[in-house]
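Undergrad:
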Amino acid sequence: MRVDGQLVEKPYKSSSKKIRRRQKKAGSMQSAVQRLYDVCKDVFADGGAGVVPPPEDVERIRSVLDSLTPADVGLSPNLPFFKKTEYKGPPAVRYLHLYDCPRFSIGIFCLPPTSCIPLHNHPGMTVFSKLLFGSMHIKSYDWVDVPENFNQPLKSGHFQPPGMRLAKLHRDAVFTTPCETSILYPLAGGNMHRFTAVTSCAVLDVLGPPYSDAEGRPCMYYNDFPYASFSGDTDSVPGNGDEYAWLEEKAKPDEFFVLGAKYTGPKIIER
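For what it's worth, the numbering used here labels the leading residue of the sequence shown as 46, then goes sequentially.
#1: Do you know offhand how far Q68's Cα is from R316's?
#2: Pick out whichever of A77, Y186, S227, V219 has its Cα sitting closest to the Cα of L211.
#3: Just to confirm the assignment, what range does the beta strand (DSSP E) spanning V172 have?
#4: Going by beta carbon distance, what residues of the same chain come within less than 6 Å of L292, once the five residues before and after it are set aside?
#5: Quick one, are the C-beta atoms of R239 and C155 less than 8 Å apart?
#6: Within its chain, find whatever has a CB closer than 6 Å to the CB of V248; leave out the 5 residues flanking it on each side and keep chain order.
#7: Per DSSP, what kind of secondary structure is F220 in: helix, strand or coil?
#8: As a quick exercise: from A137, E101, G95, R80, pick the residue whose alpha carbon is nearest that of D299.
#9: Residues in the same chain with beta-carbon distance under 6 Å from V84, minus the five sequence neighbours each way, listed in chain order, please.
#10: Would a C-beta distance cut-off of 8 Å place G179 and T222 closer than the cut-off?
#11: Could you work out which residue in M237, D102, S76, V172 is closest to S150 when comparing CA atoms only?
#12: Helix or strand or just coil, what does DSSP make of A306?
#13: Note down, in chain order, each residue of its chain lying with its Cβ closer than 6 Å to the Cβ of F301, except the 5 sequence neighbours on either side.
#14: Report back the beta-carbon spacing between T159 and A242 to the nearest angstrom; my notes put them in contact at under 8 Å.
#15: Put K86 into one of helix, strand or coil per three-state DSSP.
#16: Measuring only the C-alpha atoms, how far is S112 from A90?
#17: Inspect the CB distances between the stretch 117 to 129 and the stretch 256 to 266 and report whether three or more fall short of 8 Å.
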């Protein structure tokens with residue numbers, strides 16, 4: 046069996062060193078992305094929307110991702126699509142497809158400097174994001190436990206603005222490699238997030254399960270507004286009002302587009 050991307054030997058009646066050497070050699074020849082696929086296939090085998098893997102399985106995937114390097118996926122910051130161009134408008138984001146099935150998907154977003162993946166959600170998903178190189182600003186939110194159509198005062202007579210939903214800030218910081226894999230869950234961990242490239246950077250995402258319009262998991266985009274923009278003050282929420290925001294659903298921004306690019310790293314063998 047495989048735990049944390051490492052080969053763990055089962056007990057054998059024979060203590061032959063030759064057998065153990067052969068097993069160790071077979072494990073060392075396996076690519077990092079193949080180990081990632083194998084672990085994800087096991088972890089998400091019985092998964093589905095809203096199903097969060099047990100903590101030990103989350104750690105198995107995190108362990109493989111934490112050890113992943115740009116070389117493991119055939120990436121280099123010198124590739125052309127990481128360069129900032131002189132064209133007007135925001136730089137294009139590239140997506141490298143590694144694998145997808147109804148249970149999970151693996152892919153890499155490649156962002157040139159100043160490019161942005163707008164604030165969006167991950168309905169019913171557990172998502173692992175591994176920054177492979179560069180610096181990226183991440184801002185993320187989770188929904189506050191207030192019904193979407195809530196029309197009663199939150200506190201001190203304040204009401205939820207029409208078309209808005211209250212969210213709490215989870216993260217607002219710049220991350221620079223090397224850094225640990227970030228994980229978000231269906232109801233926690235920053236389920237709605239925005240990525241902005243400070244420098245050229247690449248982030249590998251594992252989604253379990255992936256987006257699916259047919260199964261009611263479309264990707265939704267949002268505007269975010271400071272809590273005081275509509276509430277007048279911050280006394281109506283516990284703690285620091287700066288930790289809260291109103292999110293407004295919107296269509297996919299016209300200026301945001303993702304172009305496919307060829308993945309040239311080690312191939313994943315389905316099994």
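Cβ atoms here follow ideal geometry from the backbone N, Cα and C, with glycine treated the same way.
TA: The short version:
#1: For Q68, the pLDDT reaches just 40, beneath the cut-off of 50, and the residue's location in the model is therefore unreliable, although a value from the coordinates is still provided. Approximately 19 Å between the Cα atoms of the pair.
#2: Y186
#3: 171 to 178
#4: R210, A212, Y267, D269
#5: no
#6: Shown here for V248: same chain residues with a beta carbon closer than 6 Å to its own, the five before and five after excluded, namely F154, S174, L176 in chain order.
#7: strand
#8: Closest by C-alpha distance to D299, out of A137, E101, G95, R80, is A137.
#9: R105, I106, V109
#10: yes
#11: Measuring from the Cα of S150, the nearest candidate turns out to be V172.
#12: strand
#13: P163
#14: 6 Å
#15: Three-state DSSP puts K86 in a helix.
#16: 23 Å
#17: no
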